[in-house]
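Structure, as structure tokens:
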Amino acid sequence: MTAVLAPRRPASGRPATRARGAGAVLAFGVPLALIGAVCLAAPLLPLPDPAAQSLSAALRPPAWLSGGDAAHLLGTDHLGRDVLARILYGGRLTFLIAVAGMLAGAVPGTLLGLVSGFYRGTVDAVVSRFVEAQLALPFILLAIAVIAGRGRSLSALVLVLALFGWAQYARVIRAETLSLRERPFVLGLRCAGVPAPRILLAHMLPNVAGTVLVLVTLQIGTVILAESALSFLGLGVVSPQISWGAMLADGRDQLTHAWWVAAFPGLAITTVVLLVNLLGDAMRSWLDPKKRRY
Amino acid sequence: MTRERRILDVDDLTVVHQAGGRWGNRRGDTVAAVDGVSLTVDAGEIIGVVGESGSGKTSLAMAVAGLGRISGGTVTVSGVQVSGRLSRAERTRVQVILQDPHGSLDPRQTVRRGLRELRRIHPERTGWTTDEELLAKVGLNADLLDRLPHQVSGGQAQRVAIARALLLRPALLLADEPTSALDVSVQAQILRLLLGLRRSEDLAILFISHDLAVVRAVCDRVHVMLRGRVVEHGPTAEVFERPAHEYTRRLLAAIPGRRPLDPADPAGRPVQVTTASVPGGEP
Amino acid sequence: MLRFLAGKVTRGVVTLLIAVSAAFFLARGTGDPVREMLGDLAGPEQVAQLSAQLGLDRPLPVQYAAFVGDLATGDLGTSIRYGTPNLDLILGWLPASLQLAAAAMVLAVLVGIPLGVWAALREGRFADRFASTVALTGQSIPLFWLGLMLILLFAVTLGWLPAGQSTGFSSLILPAVTLSTLPMAQIARLTRSSMSEVLGEAFLDATRARGVARWRVVLVHALRNAALPVITIIGLQTGTLLSGAITVEFVFAWPGLGTLATQAVQMRDFSLIQAIVIFGAVVFVLVNLIVDLLYGILDPRIRDGVA
Ligand SMILES: Nc1ncnc2c1ncn2[C@@H]1O[C@H](COP(=O)(O)OP(=O)(O)OP(=O)(O)O)[C@@H](O)[C@H]1O
Ligand SMILES: [Mg+2]
Numbered sequence: 001m002t003a004v005l006a007p008r009r010p011a012s013g014r015p016a017t018r019a020r021g022a023g024a025v026l027a028f029g030v031p032l033a034l035i036g037a038v039c040l041a042a043p044l045l046p047l048p049d050p051a052a053q054s055l056s057a058a059l060r061p062p063a064w065l066s067g068g069d070a071a072h073l074l075g076t077d078h079l080g081r082d083v084l085a086r087i088l089y090g091g092r093l094t095f096l097i098a099v100a101g102m103l104a105g106a107v108p109g110t111l112l113g114l115v116s117g118f119y120r121g122t123v124d125a126v127v128s129r130f131v132e133a134q135l136a137l138p139f140i141l142l143a144i145a146v147i148a149g150r151g152r153s154l155s156a157l158v159l160v161l162a163l164f165g166w167a168q169y170a171r172v173i174r175a176e177t178l179s180l181r182e183r184p185f186v187l188g189l190r191c192a193g194v195p196a197p198r199i200l201l202a203h204m205l206p207n208v209a210g211t212v213l214v215l216v217t218l219q220i221g222t223v224i225l226a227e228s229a230l231s232f233l234g235l236g237v238v239s240p241q242i243s244w245g246a247m248l249a250d251g252r253d254q255l256t257h258a259w260w261v262a263a264f265p266g267l268a269i270t271t272v273v274l275l276v277n278l279l280g281d282a283m284r285s286w287l288d289p290k291k292r293r294y
Numbered sequence: 001m002t003r004e005r006r007i008l009d010v011d012d013l014t015v016v017h018q019a020g021g022r023w024g025n026r027r028g029d030t031v032a033a034v035d036g037v038s039l040t041v042d043a044g045e046i047i048g049v050v051g052e053s054g055s056g057k058t059s060l061a062m063a064v065a066g067l068g069r070i071s072g073g074t075v076t077v078s079g080v081q082v083s084g085r086l087s088r089a090e091r092t093r094v095q096v097i098l099q100d101p102h103g104s105l106d107p108r109q110t111v112r113r114g115l116r117e118l119r120r121i122h123p124e125r126t127g128w129t130t131d132e133e134l135l136a137k138v139g140l141n142a143d144l145l146d147r148l149p150h151q152v153s154g155g156q157a158q159r160v161a162i163a164r165a166l167l168l169r170p171a172l173l174l175a176d177e178p179t180s181a182l183d184v185s186v187q188a189q190i191l192r193l194l195l196g197l198r199r200s201e202d203l204a205i206l207f208i209s210h211d212l213a214v215v216r217a218v219c220d221r222v223h224v225m226l227r228g229r230v231v232e233h234g235p236t237a238e239v240f241e242r243p244a245h246e247y248t249r250r251l252l253a254a255i256p257g258r259r260p261l262d263p264a265d266p267a268g269r270p271v272q273v274t275t276a277s278v279p280g281g282e283p
Numbered sequence: 001m002l003r004f005l006a007g008k009v010t011r012g013v014v015t016l017l018i019a020v021s022a023a024f025f026l027a028r029g030t031g032d033p034v035r036e037m038l039g040d041l042a043g044p045e046q047v048a049q050l051s052a053q054l055g056l057d058r059p060l061p062v063q064y065a066a067f068v069g070d071l072a073t074g075d076l077g078t079s080i081r082y083g084t085p086n087l088d089l090i091l092g093w094l095p096a097s098l099q100l101a102a103a104a105m106v107l108a109v110l111v112g113i114p115l116g117v118w119a120a121l122r123e124g125r126f127a128d129r130f131a132s133t134v135a136l137t138g139q140s141i142p143l144f145w146l147g148l149m150l151i152l153l154f155a156v157t158l159g160w161l162p163a164g165q166s167t168g169f170s171s172l173i174l175p176a177v178t179l180s181t182l183p184m185a186q187i188a189r190l191t192r193s194s195m196s197e198v199l200g201e202a203f204l205d206a207t208r209a210r211g212v213a214r215w216r217v218v219l220v221h222a223l224r225n226a227a228l229p230v231i232t233i234i235g236l237q238t239g240t241l242l243s244g245a246i247t248v249e250f251v252f253a254w255p256g257l258g259t260l261a262t263q264a265v266q267m268r269d270f271s272l273i274q275a276i277v278i279f280g281a282v283v284f285v286l287v288n289l290i291v292d293l294l295y296g297i298l299d300p301r302i303r304d305g306v307a
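Residue numbers (UniProt numbering), protein chains in the order written: chain A, 1 to 294; chain B, 1 to 283; chain C, 1 to 307.
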């Protein structure tokens with residue numbers, strides 16, 4: 001019933017809904033920002049060196065279990081490295097890769113979506129075919145193909161994540177631009193002699209910015225998951241660099257006798273991605289309560 | 001009329017739309033939305049185009065504005081033929097006002113920023129007035145300048161759209177159902193504004209509407225469109241009092257409060273049309 | 001209908017061609033696979049020899065032409081390490097993957113649709129929030145980590161289920177549950193939103209007013225109308241399933257295509273990797289073609305280009 005009775009101009013929706021939306025954005029955004037800040041500040045915190053090996057302290061369980069050590073709150077891995085320190089330091093690289101991979105996909109994807117929706121015709125046909133082709137390539141397989149050719153490196157990883165992400169932006173922004181360009185104000189601008197590139201960048205882009213913001217947020221979660229899968233398979237981050245996915249690859253080998261090595265990095269990924277997804281959903285209903293999920 | 005006063009000359013215009021026609025899925029069906037239409041507008045004239053929904057009014061307007069397809073015939077604005085190869089100055093001789101007042105303004109741009117953008121693109125054409133004077137011309141207060149479109153009323157938004165059009169000193173104002181989305185009292189204000197501007201600026205206005213009452217109130221001459229063709233045209237009073245075409249009679253009969261056999265009709269001329277054939281019926 | 005079919009097939013072929021070309025140029029145009037395969041210690045003559053053997057010493061356009069020509073005849077090349085045709089290898093490892101994917105998909109539908117319907121019927125109430133939290137969590141967990149934790153709980157700690165290898169039905173349970181998480185979450189979310197839309201429509205109220213039992217209304221009318229978007233998701237999920245299967249198969253040592261792919265990576269079997277990528281793209285395009293056709297059959301408006 002809500003769909004039928006909903007107000008027709010959602011942008012000016014009831015203040016209460018919007019306030020609740022803003023509250024939800026804060027409720028998920030603040031913890032996420034805190035986690036990010038703690039990871040960034042990891043070198044300033046009183047933590048053991050994440051790379052320091054000590055075989056005598058190998059595979060210590062978390063501090064609250066028998067045999068645990070207060071110096072290693074979440075225990076140690078098979079080389080005696082502190083799990084908590086590695087999670088916090090690993091978070092830095094994980095976030096960095098997520099943001100770089102997200103941007104590398106968001107910028108070209110958004111521009112292609114704008115151009116293809118605005119000019120339509122041949123450009124649109126070509127871009128749309130590429131979007132479909134991207135969706136047809138199973139992501140991890142594509143990553144394997146690229147990394148098999150280029151070798152493992154951070155730049156290869158970001159390239160793969162960009163190849164993975166751009167199509168989603170292009171698809172959604174194209175659809176939005178298509179409907180935007182038929183709006184009277186765009187006709188008015190064209191009639192007033194405003195050059196097409198200016199209409200595109202100064203008028204269309206600000207009007208799709210909200211959607212881009214939501215996509216960017218949701219995409220960060222997807223990119224973190226993708227990075228962790230690649231690093232888990234040994235295609236991503238190379239030791240001694242630490243990311244959460246790479247930690248899970250270590251943890252897999254210790255699973256039967258030291259569950260904490262794998263459990264905590266995975267928990268970190270799940271928590272962050274869940275928060276990011278909740279934030280994205282909250283932002284969407286905040287910006288436009290009636291907009292459907294893409 | 002001298003030749004210099006001829007602003008718009010549409011000659012045998014045809015606009016054909018592709019129906020469907022998506023890439024890889026072309027069906028080849030076409031719709032002749034405008035089919036051999038000719039009309040002229042002189043400076044200081046308000047010329048009406050009426051017709052039911054889908055009769056091709058907007059397609060005609062878009063072709064005249066240089067925003068739509070021209071499949072055949074010519075559109076000449078102030079002696080220059082409209083085509084893909086017009087200079088910016090030539091193209092902007094026609095300005096449009098559209099039906100949805102809020103949709104006619106960029107939702108993310110204040111009125112002032114929008115005007116500044118136009119001034120930057122056309123410095124030579126826009127120096128004749130200040131923002132405040134311009135708004136005063138359309139009956140708006142200068143404190144509207146820093147508002148966003150959603151912070152003004154529908155009537156105010158339409159006035160802003162008219163102001164934006166006027167800023168470029170167009171030879172022809174093209175109004176496609178400019179009052180259809182407004183309530184009656186605001187509608188009257190906008191119409192009065194257009195009538196005033198026609199006089200003060202010596203503007204030529206092509207006024208498109210499906211509302212015959214409105215057309216009757218403002219237009220000097222009127223063209224009646226049906227399925228892409230002009231089936232009847234002439235001075236407004238003449239067409240309204242002595243409609244020659246059956247379709248015009250039906251349209252007239254559909255105006256609320258006016259019946260084909262109205263005894264108060266000054267012409268008092270009986271029209272052979274039964275109420276049964278009237279779309280929408282008697283009120 | 002025939003024109004609709006022809007159009008879809010043409011688009012599928014174009015999509016596929018772009019996809020495999022992208023895979024080709026991304027792998028060869030941007031790096032040096034031979035160096036990657038042999039490692040840094042290999043001498044120049046070794047590199048030259050392997051390049052010649054793989055045909056990688058020819059100019060890129062020539063390689064590309066040969067590659068497309070082979071593809072057109074169904075030739076996916078020969079594995080560098082196994083020495084057998086890639087297609088035979090893939091077909092040999094495929095059944096285990098299909099078994100896993102089918103089990104996961106069935107599970108996803110069996111859990112996801114009821115979850116979504118339940119949430120839609122209790123829109124805005126606890127059940128709805130619960131279901132959407134479950135679904136969102138399912139979309140946020142790294143599949144392979146979930147797999148590891150399930151192994152930890154059910155295989156290592158409780159000892160109820162085997163942790164991997166294909167040894168009968170019980171070994172299918174953990175990997176299938178793991179792999180079903182993501183499609184299950186998406187199907188639940190989509191069912192919920194399309195169901196609540198359908199439930200709000202007037203004709204359902206009219207049906208209900210005629211005294212048809214509520215559960216019948218839900219089952220017969222609503223589910224039928226909610227079917228279309230769910231079918232789409234199933235089509236789109238094929239790619240995710242293929243990708244997800246790689247990590248999940250790796251975790252459970254499941255003898256499917258994913259494991260073949262990870263082994264190919266470890267052995268740097270460049271030719272086999274490329275063949276698997278192309279095979280994946282073909283499967284994806286085929287499944288989506290079928291989904292499109294189903295769509296056309298279920299909803300004539302789409303076929304006739306109205307919607
Ligand atoms: N872009 C387009 N592609 C295909 N057909 C179109 C297109 N634009 C208009 N048409 C068709 O052309 C015909 C005329 O449409 P047009 O919009 O010009 O009518 P109108 O008189 O402005 O109608 P209304 O009063 O509803 O605004 C209609 O049959 C319409 O379906
Ligand atoms: Mg129209």
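Even glycine gets a Cβ: it sits at the ideal position worked out from N, Cα and C.
Where residue i meets chain E, residues with beta-carbon distance less than 9 angstroms
i, result
"B:G103", "Among the protein chains of the structure shown, namely A, B and C, there is no chain E."
Under 8 angstroms between C-beta atoms of residue i and residue j
i, j, result
"B:A157", "B:L206", "no"
"C:Q237", "C:L172", "no"
"B:H233", "B:H223", "yes"
"C:L179", "C:A245", "yes"
"B:A163", "B:L134", "yes"
"A:G221", "A:A162", "no"
"A:F95", "A:A282", "no"
"B:R216", "B:T236", "yes"
"C:A104", "C:W118", "no"
"B:R147", "B:V111", "yes"
"B:V82", "A:G188", "no"
"C:A23", "A:L74", "no"
"B:I208", "B:V49", "yes"
"C:T73", "C:N86", "no"
Same chain only: Cβ atoms within 6 angstroms of residue i, ignoring 5 sequence neighbours per side
i, result
"A:Q134", "A167"
"B:R258", "At B:R258, the pLDDT of 47 sits below 50, so the modelled position is not reliable and the matter cannot be decided from this model."
"B:V80", "E90"
"B:E246", "none"
Extent of the continuous alpha helix (DSSP H) run through residue i
i, result
"B:L144", "Run containing B:L144: none; DSSP gives neither H nor E here."
"residue 302 of chain A", "Since the first and last residues shown for chain A are 1 and 294, residue 302 of chain A lies out of range."
"C:G138", "126 to 140"
"B:R249", "246 to 253"
"A:V208", "205 to 232"
8 angstroms CB neighbourhood of residue i in its chain, flanking five on each side removed
i, result
"A:A85", "A42, L47, P48, D49, P50"
"B:L193", "V138, G139, R159, I162"
Enclosing beta strand (DSSP E) for residue i [first to last residue]
i, result
"C:G55", "That residue, C:G55, is in no beta strand (DSSP E); it is neither H nor E in DSSP."
"B:Q18", "6 to 18"
"B:R229", "229 to 235"
Spatial neighbours of residue i in its chain, beta-carbon cut-off 7 angstroms, leaving aside the 5 residues before and after
i, result
"A:Q53", "L79, G80, R81"
Check: residue i C-beta below 7 angstroms from any heavy atom of ligand 4
i, result
"B:D183", "For the structure depicted, ligand 4 is absent and the ligand set comprises only ligand 1 and ligand 2."
Original post:
In chain order, what residues place their C-beta within less than 5 angstroms of a heavy atom belonging to ligand 1?
Top reply: B:H17, B:V31, B:A33, B:S53, B:G54, B:S55, B:G56, B:K57, B:T58, B:S59
Original post:
Which residue spans inside the segment 140 to 221 of chain B form an unbroken alpha helix (DSSP H) run of at least 4?
Top reply: 154 to 167, 184 to 201, 212 to 218
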